[in-house]
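Data block below; observations after.
Numbering (the numbering used here), first residue to last: 1 to 77.
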């Protein structure tokens, strides 16, 4: 039974040593490994809390369905 966990134990020792000797590289790899996990797990959690995506921004200004009135006043002639 102990022989099954021997590779994991040596991997843990290696990671612990790297965390002490190459701290920046170790933690950047940890954060890089967390990214894909978060991309898979966060959207369902947000939906469970009631998050709804925002409405799309209109691509054009809505023009009213009526004839345009000429501008009067302010010395526009």
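Don't be surprised by glycine CBs; every beta carbon is placed ideally from N, CA and C.
Per-residue DSSP class, three states only, for residue i
{"i": "residue 49", "result": "coil"}
{"i": "residue 27", "result": "helix"}
{"i": "residue 21", "result": "helix"}
{"i": "residue 69", "result": "coil"}
{"i": "residue 14", "result": "helix"}
Pairwise C-alpha distance: residue j and residue i
{"i": "residue 36", "j": "residue 58", "result": "32 Å"}
{"i": "residue 44", "j": "residue 65", "result": "42 Å"}
{"i": "residue 30", "j": "residue 9", "result": "18 Å"}
{"i": "residue 92", "j": "residue 32", "result": "Shown here, the chain extends from 1 to 77; a query on residue 92 therefore has no answer."}
{"i": "residue 12", "j": "residue 41", "result": "25 Å"}
Residue i and residue j closer than 9 Å at C-beta
{"i": "residue 16", "j": "residue 25", "result": "no"}
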